[in-house]
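Below you'll find the structure, written out as structure tokens, and then a few comments.
2 protein chains.
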Amino acid sequence: MEKKNVTIYDIAREAQVSPATVSRILTGTTSVREEKRKKVMEVIEKYDFHPNANARALAENRNKSIAMVVAHSDNSYYSSVFAACESEAYRRGYVLLLMDTSSRAENEVSVLKRVQELRPEAMILCGGRIDLEKQDPEFLSLLRQTMGFTRIVVGSRSPLPGIPGISVDHRASMEMAVRYLAGLGHREIGFVYTGKQFYGTAERLAEFRRVMKGLNLPLRKEWLIGVKDYSVDGGQEGAEKLLKLEKIPTALLGMNDMVSAGLLQGLLAAGLRVPEDISLMGFDDTFVTCITAPQLTSVGYDYQSYGAELVRAALEPEAEWEQDRRIPVFIEERASCAAPGKR
Amino acid sequence: MEKKNVTIYDIAREAQVSPATVSRILTGTTSVREEKRKKVMEVIEKYDFHPNANARALAENRNKSIAMVVAHSDNSYYSSVFAACESEAYRRGYVLLLMDTSSRAENEVSVLKRVQELRPEAMILCGGRIDLEKQDPEFLSLLRQTMGFTRIVVGSRSPLPGIPGISVDHRASMEMAVRYLAGLGHREIGFVYTGKQFYGTAERLAEFRRVMKGLNLPLRKEWLIGVKDYSVDGGQEGAEKLLKLEKIPTALLGMNDMVSAGLLQGLLAAGLRVPEDISLMGFDDTFVTCITAPQLTSVGYDYQSYGAELVRAALEPEAEWEQDRRIPVFIEERASCAAPGKR
DNA sequence: CCGAAAATTGAAACCGGTTTCAGTTTTGCC
DNA sequence: GGCAAAACTGAAACCGGTTTCAATTTTCGG
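Right, dumping it as structure tokens:
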């Protein structure tokens, strides 16, 4: 059954035309006499011929692929993002080359090398060193170099002129969250955060302070709780720290849904009722929100349009892009927030 | 800054050797005089040259890529699987081309076409029509045709001779789960399933019946509850159906962790205590298990080794593969199961 | 120092497409 | 029917590597 690869030459020979003509039919660049087209199409059908994408890529000097580099492909935030990117890329006839750096610097380096060999038309970079608040000069120079080869788009703020940054609007999300809680009547609000070295966190912390101050709400240092990571464990750690305080806030924001889920567990275990005794909110609006009891109110993003924007920015370099763009956010109300009760 | 692509010819000219020599240095196929090698390496360094992977692919007729086709890339089961595959592929110097079919037949067709053009060295196919209990002849013939071009491996049972099937050992997982619950003293066990048309479900249902019978436990039809989908909603639907019964089992198996999480919510909402009143178990051992309260005991798989096996099977066709292989399973004990109480 | 074997090397063909360029055919119009 | 313009077509170059093959250089035993 050793099927030899059928080429455009085979098709040409059998259809008694030149390879050039077959190519023209395939690419549709020039019109071809109907009679020949029909004949060629028949032969193509007969052999179920598919043009070799590698050869085409070499000849056209473009290969219809986008490298998608993420920090942790099994994290549900990232998988939502790249599922969205994949769908948009597919719509445009592109394929995503998925690479996972596990947030390790050495992988980031070798992945970029790989990208330079693969010559995808663009690279979408999400997570890892790119998100650092204080950007890493070594990594930046690596990016700058890569930029010479392929267009880069990052799912963060723009690290360099010429690299568009598209990210969730952290500031707006925080403002919206705080205002929402304030609107319910909360004055005492805490924030359990992690990864202060990352840009998104830093931005949210700053915005939290700003909005609280603006609304004239008390800003107590012990209600800003840093925890070790973005996980359920992190949330539980947060709950423990919180429960040691003599006074706890009436509402709590968790860094993301996982942290909030952990907080929830910790608080419920301590006998608190949510939302009667304390309200709780998350960020990202992942499916985690539907799994907890009560279900989590969360600030969400439209992943589909996030992905579409990333891909669009990656493939339309000619367009006039702002250096930085923000994906709009919205609040998905569920059951974990209510007006503060009396205690 | 318009950097023209540096080619092997540019390197050759500058280093005063032939392109062939540069190529030999890059591929390491033949020895090259140390002095020339050094000179060439210098020039390569100088221009930070990376050979064009497309050209190489065309010449070598292999492109070090694997197409990974999944049904829903944002589902945490699939993202665990492909994160594992990516890691193994990367280790071997391969890149994964990620494609998502959204379980839609028309996408499955066009994705396969795409694969034939891209000529990856192999394709790993997980989820979608491939998992159907009663296999779809149209799809099979499509696969058979694709097989002529690239090696296929499926994350399910083998659909055709020559296509290795590697899958979670559904039977063992069910047997293990039932025996575990029986070991705790449960005699009345229910199973909330979904997707009877899929192979894994069918296999688990059959195995459930077999093991229950073997252990001489009561097999009541109303404790086998079919629900609409693999989600939290599906679980809630299951809980509703269950709560209408006049007698409910003392332990319950959910199709996967999401379904079990939904079940948990439904049961807790109805005032039942878990595990005191009813024990609950999930499958897949995803991070969902850690988010619920109580945390879910679940049957898990080693995703890392699952991914490694898939990739290995994809890239080592010469090896003697069994047609079908099963990934071992284990029980991850958490807090949702206990000995049955009296009611 | 000589000759044969071993190690290196370059020219050229090749991988499978696309595209330019220069004919060759057709078409459209008077 | 004749001619210019438009439409089509094929030969050949090219994309950027790898590899075969034959020639050249080195190495080494005697």
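Chains as they are written, first to last, in this note's numbering: chain A, -13 to 329; chain B, -13 to 329. Ideal Cβ placement from N, Cα and C applies to all residues, glycine included. If you're wondering where the values come from, they're calculated on a predicted model, not measured in any experiment.
| message | Are the CB atoms of Leu266 (chain A) and Val274 (chain A) within a distance shorter than 7 Å? | response | no
| query | List, in order along the chain, the chain B residues whose C-beta lies closer than 9 Å to that of Leu254 (chain A)? | reply | Ala279
| If you draw a straight line from the alpha carbon of Gly113 (chain B) to that of Arg206 (chain A), how long is it in whole angstroms? | 50 Å
| Separation of Gly257 (chain B) from Arg329 (chain B), as counted between CA atoms | Here Arg329 (chain B) scores only 49 on pLDDT, less than 50, and its place in the model is too uncertain to base an answer on.
| Closest Cβ-Cβ distance between Cys323 (chain B) and chain A: below 7 Å? | no
| query | Exposed or buried, what is Leu282 (chain A) when buried is set at 16 or more other beta-carbons lying within 10 Å of its beta-carbon? | reply | buried
| query | Rounded to a whole number of angstroms, what is the C-alpha to C-alpha distance between Glu223 (chain B) and Asp288 (chain A)? | reply | 27 Å
| message | If I measure Cβ to Cβ from Arg10 (chain A) and keep anything under 6 Å in the same chain, skipping five residues before and after, which residues do I get? | response | Thr16, Val18
| said: List, from N- to C-terminal side, the alpha helix (DSSP H) runs of 4 residues or more that fit wholly inside the stretch 199 to 270 of chain B. | reply: 218 to 229, 243 to 255
| query | Based on the DSSP output, what are the partners of Tyr179 (chain B) in its beta bridges? | reply | B:Gly212
| query | Between Asn242 (chain B) and chain A, is there a C-beta pair that is closer than 7 Å? | reply | no
| task | Confirm, please, whether the CB-CB distance from Glu295 (chain B) to Ile152 (chain B) is below 7 Å. | result | yes
| Given Met241 (chain A) as reference, the closest of A:Ile264, A:Val285, A:Tyr(-5), A:Gln102 once Cα atoms are compared | A:Val285
| request: Run the CB neighbour count on Gly327 (chain B), radius 10 Å, all protein chains shown included, and call it buried at 16 or more, exposed below. | output: exposed
| query | For chain B, is any of its Cβ atoms less than 7 Å away from the one on Val81 (chain A)? | reply | yes
| request: For Glu119 (chain B), name the three-state secondary structure that DSSP assigns. | output: coil
| query | Can you name, in chain order, every residue of its own chain whose Cβ lies under 6 Å from the Cβ of Lys227 (chain B), other than the five neighbours on each side? | reply | Ile211
| Exposed or buried, Leu231 (chain B), counting other C-beta atoms within 10 Å across all chains shown (16 or more means buried)? | exposed
| message | Less than 6 Å between C-beta atoms, sequence neighbours within five positions excluded: which residues of the same chain meet that for Asp270 (chain B)? | response | Tyr63, Asn242, Asp243
| message | In whole angstroms, give me the CA-to-CA distance for Gly141 (chain A) and Arg312 (chain A). | response | 10 Å
| request: Assuming Ile52 (chain A) and Ile110 (chain A) form a contact by the criterion Cβ under 8 Å, report the distance between their Cβ atoms to the nearest whole angstrom. | output: 6 Å
| request: Compute the Euclidean distance between the alpha carbons of Pro280 (chain B) and Ala75 (chain B), then round it to the nearest angstrom. | output: 37 Å
| task | Whole angstroms is fine: what's the gap from Leu239 (chain A)'s alpha carbon to Gln183 (chain A)'s? | result | 19 Å
| For chain A, is any of its Cβ atoms less than 7 Å away from the one on Asp310 (chain B)? | no
| query | Under the three-state reduction of DSSP, which class applies to Ala279 (chain B): helix, strand or coil? | reply | coil
| For the beta strand (DSSP E) that Gly151 (chain A) lies in, which residues bound it at each end? | 151 to 154
| request: Scan the stretch 68 to 79 of chain A for residues whose Cβ lies nearer than 9 Å to a Cβ of chain B and list them as they occur along the chain. | output: Phe68, Ala69, Ala70, Glu72, Ser73, Tyr76, Gly79
| Thinking C-beta only, is Ala168 (chain A) closer than 7 Å to Leu344 (chain A)? | Chain A is shown only over -13 to 329; residue 344 (chain A) falls outside these bounds and no answer can be derived.
| said: Let's test the definition: count the other Cβ atoms within 10 Å of the Cβ of Tyr216 (chain B) and tell me whether it reaches 16, buried, or not, exposed. | reply: buried
| task | Please confirm whether Val245 (chain A) and Ile277 (chain B) have their CB atoms less than 7 Å apart. | result | no
| field | Span of the beta strand (DSSP E), counted from its first residue to its last, around Val56 (chain B) | value | 51 to 56
| field | CB of Met54 (chain A) within 7 Å of CB of Phe68 (chain A), strictly | value | yes
| field | Minimum Cβ-Cβ distance from Ser89 (chain A) to chain B less than 7 Å | value | no
| Does the distance from the C-beta atom of Tyr220 (chain A) to that of Ala247 (chain A) stay below 7 Å? | The identity of residue 220 (chain A) in the sequence shown is Gly, whereas the question assumes Tyr. No; because the gap between Cβ atoms is not below 7 Å, this pair is not in contact.
| With DSSP run on the structure shown, which of helix, strand or coil describes Tyr287 (chain B)? | strand
| query | Less than 7 Å separating the beta-carbons of Val164 (chain A) and Val197 (chain A)? | reply | yes
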